[in-house]
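What follows is a set of notes on a single structure, which appears directly below.
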Amino acid sequence: MGMRIKKFVASTINEAMAMVRKELGEDAVVLKTEKLEHKSHLGLRSKTEFEITAATHDNSLPPLIDRMTRNAQQVQEHIRNRPTLTATGEPRLTLDPAKGKPSSGVAPLNQPYASVAEHQTVRTLKAELESLKGTVRELSDQLRAARLPDVPPMLAEIIGALDESGLEDPERTELIIECMRSNPHIDRMERSELMGWWIEKLATAMPVTPVPQDQVGQVVFVIGPTGVGKTTTLAKLATHHRFWGKRKVALCSIDTYRVAAIEQLRVFANIANIPMTTAFTPEELKQHVTRFIKQGFEAIFVDTPGRSPVDGSALPDLVDFSNAVNPEETMLLLSASSGLSDLQEQFNRYRELPVSRIIATKIDETSKPARWYGFCRRTARSISYWTVGQNVPDDIMVADPRLLVRGMLQPDLFSDLKAARFRLHAVGDDNANPRERETAR
Ligand code: GDP
């Protein structure tokens, strides 16, 4: 007997439940209840709706299973009446020692082996059966995972926190299944033990590549959509490399579409006493970079124009600039306030560029850090840094999987971190940031 799963949306829980009962009957099981907030397009008024996901037995599956069973029986029958098949599916010829001829029950060699076609059918049916078995197993796992009322309250609580934090399917279901498989005695586990399993699991499965700052390449492109925080982040990185990393740093802007962006960077470069140039063409960029390298600059950060995520027209230009200097690092910045599908879409838009690192910006503004888990798993990319505010140079950190996981389970962690003023990296005993050092003098 199969299951039928359906979602019902109504303006009150009672109405939604009435729809469930009407359509799926009194035996329906509620798998999930969610409150949906819809904002008007001006964002002034909001409308609340409730979505119930419910399941019931589905009577349409048995005919399919019956048919498969019948087919399976026919296959068995067929196999019983045919010559023995070897493991590879070829007919096995056994010689009758007495007569030196193929023994009874084996197809004579001169008879076109009708079973070549039949044999093919057997294989197809077997494959079908295997795939059906897999689907049934998967469905049952998913149902077990989705039926939160069936999971121990402690687990339901953790999943609830991760749901709030933006963990989505399929990663959500995969994790729940893995938790139930790995912890068969979950009912008897202490809360701290179960929590420990989740923190360890998420932190080890979360692709994060912290990067020691002396390993960042010589030419670094900073790319990403408009307003994501490129110029600000570049200023943070440049300051850290200049003051803590003690590297010779230079800046170049190719964001010549926005005068304000160049000015913003120039003001910063003057304050930080870092040389800065602008390049209007790939050739010009190449000349600047070559000159900087000759002069012994160890880190050359290139600020690039952002374009609206839906406008791909600037990308070919950016590819030309990139090809002109072959940067060792191309850091793609994506904003933590974007939804998971937007993150994936933006990531795909920049595929033509040799993205080496992802920086998650504005993580202080998100209540959904678990989206990054889904993003990294789906794109097979890891985060290297994240930024937690507008302050240059303080509000940037080397990504730390355990901290991200804590943020997933404790929603306000990142705004707390912002208040705590984290720094990118502390080198040697030089723990004070430039501002603190300035004050101390
Ligand atoms: P760009 O267009 O990509 O170069 O973005 P900008 O560097 O000009 O930043 C756009 C806005 O985002 C500015 O107001 C920045 O101060 C702000 N911003 C940058 N990084 C962060 C961050 O980590 N958190 C928050 N809350 N704001 C940020």
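This note's numbering numbers the first residue of the sequence shown as -15 and each following residue consecutively.
Backbone N, C-alpha and C define an ideal beta-carbon position, used for all residues, glycine too.
Is the beta carbon of residue 391 within less than 7 Å of some heavy atom of the ligand GDP? The sequence position of residue 391 within the sequence shown is 407, counting from 1. No, the beta carbon of residue 391 sits no closer than 7 Å to any heavy atom of the ligand GDP.
Using a threshold of 8 Å, state whether the C-beta atoms of residue 2 and residue 36 are closer than that. Along the sequence shown, one-based indexing puts residue 2 at 18. Along the sequence shown, one-based indexing puts residue 36 at 52. No; because the gap between Cβ atoms is not below 8 Å, this pair is not in contact.
Any heavy atom of the ligand GDP closer than 7 Å to the CB of residue 426? Nothing can be reported for residue 426, as the shown portion of the chain is limited to -15 through 425.
Roughly how many whole angstroms lie between the Cα atoms of residue 209 and residue 375? To locate residue 209, count along the sequence shown from 1; it is residue 225. To locate residue 375, count along the sequence shown from 1; it is residue 391. Whole-angstrom Cα-Cα distance: 20 Å.
In terms of residue numbering, what span does the beta strand (DSSP E) encompassing residue 313 cover? Looking up residue 313 in the sequence shown gives position 329. Its beta strand (DSSP E) spans residues 313 to 319.
Beta bridge counterpart(s) of residue 340 as assigned by DSSP: Residue 340 sits at position 356 when you count from the first residue of the sequence shown. According to DSSP, which records beta bridges pairwise, residue 340 is partnered with nothing at all.
Let me check one thing: in DSSP terms, what residues is residue 31 bridge-paired to? The residue given as residue 31 occupies position 47 in the sequence shown. Per DSSP, 22.
For residue 366, which of helix, strand or coil comes out of DSSP? Taking the sequence shown and counting its residues from 1, the one referred to as residue 366 is at position 382. It is coil, neither helix nor strand.
Between residue 183 and the rest of its own chain, which residues show a CB-CB distance below 6 Å, the 5 nearest in sequence each way excluded? Counting from one through the sequence shown, the residue named residue 183 turns up at place 199. Around residue 183: 389.
Sorry if obvious, but does the Cβ on residue 147 come closer than 7 Å to a heavy atom of the ligand GDP? For the purposes of this step, residue 147 is taken as the residue at position 163 of the sequence shown. No, the ligand GDP has no heavy atom inside 7 Å of this Cβ.
Relative to the alpha-carbon of residue 192, which residue among 385, 20, 213, 101 has its alpha-carbon at the smallest distance? Numbered from 1 along the sequence shown, position 208 holds the residue referred to as residue 192. Closest option to residue 192, Cα to Cα, is 385.
How would you call residue 31, buried or exposed, if buried means at least 16 neighbouring beta carbons within 10 angstroms? Residue numbering aside, residue 31 sits at position 47 when the sequence shown is read from its first letter. Exposed, since its Cβ has fewer than 16 Cβ neighbours within 10 Å.
So, with DSSP's three-state summary, where would you put residue 372? For the purposes of this step, residue 372 is taken as the residue at position 388 of the sequence shown. Three-state result, residue 372: coil.
Mind listing, in chain order, the continuous beta strand (DSSP E) runs of no fewer than 3 residues lying wholly within the region 188 to 276? 203 to 207, 233 to 237, 260 to 262
Alpha carbon of residue 382 to alpha carbon of residue 235, nearest angstrom: On the sequence shown, residue 382 is found 398 positions in, with the first residue counted as 1. On the sequence shown, residue 235 is found 251 positions in, with the first residue counted as 1. Approximately 21 Å, taken between the alpha carbons.
Opening and closing residue of the beta strand (DSSP E) in which residue 283 lies: Numbered from its first residue, the sequence shown carries residue 283 at position 299. Taken as a continuous stretch (DSSP letters only), the beta strand (DSSP E) holding residue 283 covers 283 to 287.
Is the closest heavy atom of the ligand GDP to the C-beta of residue 280 under 7 Å? Indexing the sequence shown from 1 puts residue 280 at position 296. Not under cutoff, so the answer is no.
Following the continuous beta strand (DSSP E) through residue 3, name the residue where it begins and the one where it ends. The sequence position of residue 3 within the sequence shown is 19, counting from 1. Not the beta strand (DSSP E): residue 3 falls in the alpha helix (DSSP H), residues -3 to 8.
Kindly list the residues whose CB is nearer than 7 Å to the CB of residue 352, restricted to its own chain and excluding five residues on each side of it in sequence; keep chain order. As a first step, residue 352 is located in the sequence shown; it is residue number 368 there, counting from the start. Within the same chain, residue 352 has close Cβ partners 149, 150.
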